[in-house]
Amino acid sequence: MGDAVPPYTSPYPPERPVHETLAIIGCGHIGQALLTGLLAATSDQPDRSAGKITRFIATTRGEATAEMLGQQYNKESDRVIIYTSENNLLAIRESGTVILACRPGDLDGILNTDGIRFKLSRKLVISKRVCGEPSTDPTVVRAAPNLAAGWKCSMTIIENREPLPEDRLAMVTWIFERVEQVKFLFGDAFCAGAMLASGGPAVMSVAVSGMFDGCVEGGLTQAETIAIGHQMLIGLVAPLNCPHHLLHMRESAASCPKAPTIKTLNKLEKQGVRGLFADAMVEGIECVP
Ligand SMILES: NC(=O)c1ccc[n+]([C@@H]2O[C@H](COP(=O)([O-])OP(=O)(O)OC[C@H]3O[C@@H](n4cnc5c(N)ncnc54)[C@H](OP(=O)(O)O)[C@@H]3O)[C@@H](O)[C@H]2O)c1
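The opening residue of the sequence shown carries number 1 in full-length UniProt numbering; numbering runs sequentially from there.
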């Protein structure tokens, strides 16, 4: 917990109060999805200063990623600042809320940099991975969004645990509700929910891309496959909240003698694909950090 904090040397005049600034430390895939979604969600406010967060700081390890982000968010330069990792401490110092969006393997290196833990202890910290003593530390909140945050369709699982002060709870909820839905879970349910929400899209993409490949092999063009598949998935997903919807879908298709769908389903069942998906999810859930 070294507190060798250098004097304040921001190259940017602070345009917004610290409590209205959000730092995303490690702005890769998920960080960019969040940043893009949050910018889009707050851009149509009549006054951009009306939201809880009005300024964003994103950091990356390398200069090349920082430059790429600079170009990507060029039009938002009045409210987005990009730093490289040597300015992580500065980014945290200038922010009231910090999202640690780096890979788990990079987290310790960031946390063990001089002054970082001390600075974070005074902020609201949001991280997918446990860092520090989360059961006793009221400043750390675990949250698992997904890449759909980039188009404001995320499902974010937030760890529901005491004691999280009201103002912090309100801030976390506000941030992730900008990019769509949030659900609070605890313990094993948090891990399972985080796996489904964060990892589910990638897992689903295996099944969907396999189905699409089969259709291209069967005679559709790729463009036709995507257009048909897109609408087919909307039809599957729209009533998903109804109980037994998936069971009904499967049973109605499987009840038709000699139909192509029952042949396809039987092929998958014989290979144990359903059980394989279930086992794979269990393994993923056990690894949620
Ligand atoms: N990808 C997904 O679909 C997804 C979905 C939900 C949750 N997550 C979770 O989000 C986390 C990050 O995954 P990701 O896919 O976004 O990884 P990623 O694309 O590799 O992004 C990690 C970012 O961290 C930066 N970084 C590394 N060391 C740093 C340091 N010392 N200081 C500042 N920045 C640093 C990297 O910068 P450089 O690019 O310059 O190296 C990179 O931009 C993981 O825990 C993952 O499980 C991912």
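Where a beta carbon is used, it is the ideal one built from N, C-alpha and C, also for glycine.
The residue among V141, L89, K152 with its C-alpha nearest the C-alpha of E162 is V141. A check of alpha carbon separations from L38 across E63, A64, V18, Y73 identifies Y73 as the nearest. Residue state for V141 is assigned as strand, using DSSP reduced to three classes. Ranked by how close their Cα comes to the Cα of L169, the residues T97, T42, A40 have T97 in first place. Not one heavy atom of ligand 1 is found less than 7 Å from the C-beta of T97. In this structure, the C-beta of N146 approaches ligand 1 to less than 7 Å from one of its heavy atoms.
Take the alpha-carbon of R16 and the one of P289: they are about 34 Å apart. Of the residues I53, C242, R93, D106, the one whose Cα lies closest to the Cα of V80 is I53. A residue is called buried when at least 16 other Cβ atoms come within 10 angstroms of its Cβ; L22 meets this threshold and is buried.
In this structure, M195 keeps its C-beta atom at 8 Å or more from the C-beta atom of I99.
At the C-beta level, I24 and A58 come within 8 Å of one another. In the pairwise beta carbon analysis, the region 174 to 194 is classified as not touching the region 214 to 231: fewer than three pairs are separated by under 8 Å. DSSP, reduced to helix, strand and coil, places A58 within a strand of the structure shown.
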